[in-house]
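Peer 1:
Residue numbers (my numbering), protein chains in the order written: chain A, 2 to 325; chain B, 1095 to 1344.
(1) Whole angstroms is fine: what's the gap from residue 1247 of chain B's alpha carbon to residue 1159 of chain B's?
(2) Three or more C-beta pairs under 8 Å: does that hold for the region 1253–1260 of chain B against the region 1210–1219 of chain B?
(3) Mind the definition here: the region 42–49 of chain A touches the region 1102–1116 of chain B only if three or more C-beta pairs lie below 8 Å; say whether that holds.
(4) Taking the C-alpha atoms as reference points, what is the distance between residue 1167 of chain B and residue 1141 of chain B?
(5) Would residue 1198 of chain B and residue 1149 of chain B qualify as a contact pair, given that the criterion is a beta-carbon distance under 8 Å?
(6) In whole angstroms, what separates the C-alpha of residue 1 of chain A from that of residue 240 of chain A?
(7) In three-state terms, what does DSSP make of residue 1314 of chain B?
(8) Is residue 193 of chain A buried or exposed, if buried means 16 or more other CB atoms sit within 10 Å of its CB?
(9) Any idea if residue 1176 of chain B is buried or exposed, counting beta-carbon neighbours within 10 angstroms, 16 or more meaning buried?
(10) Taking Cβ-Cβ distances below 9 Å as the criterion, which residues of the region 192–206 of chain A are in contact with chain B?
(11) Measure the CB-CB distance between residue 128 of chain A and residue 180 of chain A and report whether it falls below 8 Å.
(12) Report the residue from B/1323, B/1315 and B/1310 whose alpha carbon sits nearest the alpha carbon of residue 1151 of chain B.
(13) Helix, strand or coil: how does DSSP classify residue 1119 of chain B here?
(14) In the DSSP assignment, what residue or residues form a beta bridge with residue 157 of chain A?
(15) Helix, strand or coil, according to DSSP, for residue 1147 of chain B in the structure here?
(16) Using a Cβ-Cβ cut-off of less than 7 Å, give me the residues of the region 1250–1263 of chain B that come near chain A, in sequence order.
(17) Is residue 239 of chain A near the ligand GDP - that is, is its Cβ less than 7 Å away from at least one heavy atom of it?
(18) Where does residue 1049 of chain B sit, in a helix, a strand or coil, going by DSSP?
(19) At 7 Å on the CB atoms, spell out the chain B contacts of residue 20 of chain A, in chain order.
(20) Relative to the C-alpha of residue 259 of chain A, which residue among A/272, A/271, A/244 and A/273 is closest?
(21) Residue 18 of chain A: buried (16+ other C-beta within 10 angstroms of its C-beta) or exposed?
(22) Which one of A/195, A/313 and A/117 has the shortest CA to CA distance from residue 1 of chain A?
(23) Name, please, each residue of chain B whose Cβ falls closer than 9 Å to the Cβ of residue 64 of chain A.
(24) Just the chain A side, please: which residues come within less than 9 Å of residue 1266 of chain B by C-beta, in chain order?
(25) So within the region 68–123 of chain A, which uninterrupted beta strand (DSSP E) runs reach at least 3 residues, ignoring any that extend past its ends?
(26) To the nearest whole angstrom, what separates the beta carbons of residue 109 of chain A and residue 59 of chain A, a pair I think is in contact under 8 Å?
(27) DSSP three-state label for residue 136 of chain A, please.
(28) Secondary structure at residue 288 of chain A, three-state DSSP: helix, strand or coil?
(29) Within this structure, are the beta carbons of residue 274 of chain A and residue 313 of chain A separated by less than 8 Å?
(30) Give me the Cα-Cα distance between residue 1335 of chain B and residue 1325 of chain B, rounded to the nearest whole angstrom.
(31) At 4 residues or longer, and completely inside the region 135–218 of chain A: list those alpha helix (DSSP H) runs for me, N to C.
(32) With H, G and I counted as helix, E and B as strand and the rest as coil, what does DSSP make of residue 1235 of chain B?
(33) Please check if any C-beta of chain A sits within less than 8 Å of the C-beta of residue 1188 of chain B.
(34) What is the C-beta distance between residue 1096 of chain B and residue 1228 of chain B, in whole angstroms, given that I count them as a contact (C-beta under 8 Å)?
(35) Check whether the region 34–42 of chain A touches the region 112–120 of chain A, taking contact to mean three or more Cβ pairs, one atom from each stretch, closer than 8 Å.
(36) If you draw a straight line from the C-alpha of residue 73 of chain A to the C-alpha of residue 137 of chain A, how long is it?
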């Protein structure tokens, strides 16, 4: 159940797609909600950023506050049971975009991260320590959670070229070292793309028809700086990246890890909106008995699309496919 | 068949209410947006202006309801306390015992009152439950002939149903509401135009309190909208047949 707290002229309004009587009555005032999604910057890692579109509301929500305010604070939550169990998906600002006879439409904007790191800043430390520095008060001002980061943390050694947005810089560094980052509240999570950020096993009663299994065009050669690593595929695409280390062997390791991730099968798994929502990096395992041969699957969550209108969630990520 | 129109409640006052579910909730058009008491016993007073003769309650959680009608100053009892059992146990057939959920709606024709009144409703729920009421309407119940024998009753379901990967069905149960459709024969100049022009044309799809037949069973009380605007046939010199389609609101 979608629960939205929307502050209209100082008063919190509790709204949803259907009338839900919990601690509060969540009034059915949502006409349409673009499926929000979390997308990873690169298939091999980086920032898993939220992309919230717009929300259309029934005009009578604003009967006592007409015309609708230009902007409202908004918190979007999801729960399968109670308000106490609700998980916050989004906290940000709703900005009025359209008003007509049948709807009041707001675009949603999340927090922005516009701090920068000056050019010529040098880093020579572990990935965790570099990200910790970029999460500091002068930068992103977030608390780092590296519980699911790789151990030992790989070494980072490079000098920033020109001023860069901190969030872009962290995303690029993390991706090069096959890590993803995501932000929840005031915490930045650093997660190893080769490891798990929680696990879950589902059965065939937990996911919908329409799940797809895909293999990407292989990478034949990956380059970074003055290094290049060939894959086992003599065909496919070439990949060129910025290097975040100056030692050849370290760069080679990073390129191998990146190709390992890119060569895994990608799965788009559709599930009913039930229970807790998957966080980036979560490993989901199941057996698909609808294929020609019963097949064991797992993916690690990279992108998530929530379709609240259709009560579906689509989880995408790379993983493994094997006969049972 | 009856419909309460116009609605005559000017204010409501409950002796107890959950702060998030105030007593005014019974005045809106959403039965699911309930007034919640804080215990299994609660009282609500309806202050009504103008002439009235009926009160209807929808989406109620209570085993027993007692209704008393007093004058505006509450110094004189106009209609003595009448007790209603909503537990819904029904043994009218020998081998089928209807032990379904309680009735959640009630309709009471207490007789014509020309002056402003206060309707006092005492609710009593089972031990451990909390009294609730979704919508309450009090006003003039306009009486029409009952629908003909072809009266239809059905259900409309808003649940979400999807097919899982193994062919099984995923269901998220949501509300299921009742629908009624039928034909009523009416005296044209008075009843037909009153219903079509003065009531439905005035309120459009906004819900009203309806009692589909005059039978005593509370199942015929429904808070419903015109799912399709009524249409009639003027096939007799003074009478017309009118078709109606009502859909319970949530």
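Glycine included, each C-beta is placed from N, C-alpha and C at the ideal position. Source: prediction; values computed, not measured.
Peer 2: Looking at the coordinates:
(1) 26 Å
(2) no
(3) no
(4) 10 Å
(5) no
(6) In the structure displayed, chain A extends from 2 to 325; residue 1 of chain A sits before or after that span and is not available.
(7) helix
(8) buried
(9) exposed
(10) 204, 205 and 206
(11) yes
(12) B/1315
(13) helix
(14) A/126
(15) strand
(16) 1254, 1256, 1257, 1258, 1259, 1260 and 1262
(17) The ligand GDP is absent from the structure shown, which contains no ligand whatsoever.
(18) What is shown of chain B runs 1095 to 1344, which leaves residue 1049 of chain B out entirely.
(19) 1124, 1126, 1127 and 1344
(20) A/244
(21) buried
(22) Coverage of chain A is limited to positions 2 through 325, which leaves residue 1 of chain A absent and any answer about it impossible.
(23) Ordered by position in chain B, no residue passes the 9 Å Cβ test against residue 64 of chain A, which lies about 12 Å from the chain.
(24) 273, 274, 275 and 312
(25) 72–79, 88–100 and 105–110
(26) Not quite, the Cβ-Cβ distance comes to about 17 Å (not below 8 Å), so this is no contact.
(27) coil
(28) strand
(29) yes
(30) 8 Å
(31) 167–177
(32) strand
(33) Residue placement at residue 1188 of chain B cannot be trusted, given a pLDDT of 49 that sits under 50; the coordinates are not used to answer.
(34) Not quite, the Cβ-Cβ distance comes to about 19 Å (not below 8 Å), so this is no contact.
(35) no
(36) 29 Å
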